[in-house]
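Accompanying notes for the structure given below.
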Amino acid sequence: THSLTLHPGGHKMPLLGFGTWKVPKDSTAEIVYKAIESGYRLLDCACDYGNEVQVGQGIKKAIEAGIVTREELFVTSKLWNTYHHKEHVPLAFNRTLKDLGLDYIDLYLIHFPISLKYVPFEERYPPEWGNMQQDPVPVHETWAAMEELVHSGKVRNIGVSNFTAILLMDLLSYAKVKPAVLHIEVHPYLNNADLIKFAQSQGLQITGYSNFGPASYVELGSPAAQNAVPLFKEERLSKIAAHHSKTIAQIILRWLVQNKVAVIPKSSNPVRIAQNADIFNFELSAEEMKTINSMNIPLRLNDPAGYANIPIYA
Ligand code: A2P
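Structure (structure tokens):
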């Protein structure tokens with residue numbers, strides 16, 4: 003079916019996922035239920051999205067309604083930057099597990115290769131970017147704690163998000179449990195082709211986020227961003243969309259899955275939730291794939307090579 007096989011566990015990860023970042027807390031349970039009803043089997047979550055309790059309620063409702071079983075779902079969550087110390091990794095993970103109301107998670111990712119000062123739950127939860135203070139922890143310490151989660155049986159696969167090729171090479175040099183997934187920004191304006199090729203050659207599968215491009219190009223500030231047409235208005239994409247009687251959103255998602263990149267479009271709108279799931283009944287030609295592959299600017303929302311520029315507040 004429409005999935006990727008993960009290594010080393012051999013589990014299947016659905017190509018179509020639902021993104022829960024920016025889904026408002028008060029409607030999350032209902033929206034997650036709707037997504038599962040519309041055929042999504044992968045839910046992409048993170049503690050800093052602030053809605054894991056509500057995602058859990060949506061999952062529970064869908065299971066109770068008999069739409070899916072827990073085993074048919076693939077739930078991803080992420081370790082936040084303030085929990086990279088080895089003693090904080092299980093703490094943060096167990097909180098996520100409890101919030102989601104689950105007894106295991108399919109995939110747990112290091113959210114960013116950024117380590118910030120620990121802030122206890124009582125002080126702030128969900129965690130945020132604000133009041134950041136750097137507190138470097140080597141990735142090998144965090145990774146060893148992630149491996150422990152796999153050994154505990156509560157996590158089936160572990161991986162990394164927003165890692166560069168260099169960070170990944172280093173991690174691969176010592177990881178006893180290899181990362182199963184690299185989770186990175188991928189859309190037509192940032193196809194990340196070299197990084198994807200490298201990660202795939204090392205046995206990792208890819209999840210792409212921000213599939214429709216950054217929400218606001220103006221905020222990005224770079225000259226490339228100023229000149230970029232929003233993807234939903236892009237001429238080459240609208241031509242291909244018209245040819246298949248599909249929307250640009252569906253063309254972009256189809257391009258990604260044909261490139262073996264799992265997608266996690268977010269929508270709070272039931273019509274668009276269903277639309278984004280309807281991408282398995284047509285195929286882009288080699289020529290169309292080439293056209294979209296050539297749209298790389300690159301223009302990004304997140305730049306993992308520029309994380310040293312993030313302002314630090316003491
Ligand atoms: P909405 O929730 O109103 O549908 P992300 O990059 O985080 O996945 O966010 C996707 C963005 O694209 C959201 O702002 C979402 O808004 C919008 N969106 C999702 N699906 C579609 C679609 N099929 N057509 C147009 N906009 C979409």
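If you read the sequence shown in full-length UniProt numbering, its first letter stands for residue 3, the second for the next number, and so on. Built from N, CA and C at the ideal position, the CB exists for glycine as well.
- A264 has T209 as its beta-bridge partners, per DSSP.
- R238: not part of any beta strand (DSSP E); member of the alpha helix (DSSP H) spanning 237 to 246, first to last residue.
- Distances between the C-beta of W23 and the heavy atoms of ligand 1 include at least one below 7 Å.
- A distance criterion of 7 Å places the beta-carbon of P267 in contact range of ligand 1, judged by its closest non-hydrogen atom.
- Not one heavy atom of ligand 1 falls within 7 Å of the beta-carbon of F282.
- The criterion of a C-beta distance shorter than 8 Å is not satisfied by Y85 and V77.
- Contact annotation: D101 and G155 have beta-carbon atoms that are not nearer than 8 Å.
- The C-alpha of L169 is placed about 18 Å away from the C-alpha of G210.
- Counting C-beta pairs with one atom in each stretch, the segment 94 to 114 and the segment 169 to 189 have three or more that are closer than 8 Å, which means they touch.
- In the three-state scheme derived from DSSP, where H, G and I count as helix and E and B as strand, S270 is classed as coil.
- Less than 8 Å divides the Cβ of T166 from the Cβ of P306.
- By the Cβ-count criterion, Q228 is exposed, with fewer than 16 other Cβ atoms from all chains shown falling within 10 Å of its own Cβ.
- Approximately 21 Å separates the beta-carbon atoms of T22 and K14; this is outside 8 Å, ruling out the contact.
- Taking each of W82, A37, Y120 in turn and checking the Cα distance to V70, the smallest one comes out for A37.
- Under the DSSP definition of a beta bridge, G19 partners with L44.
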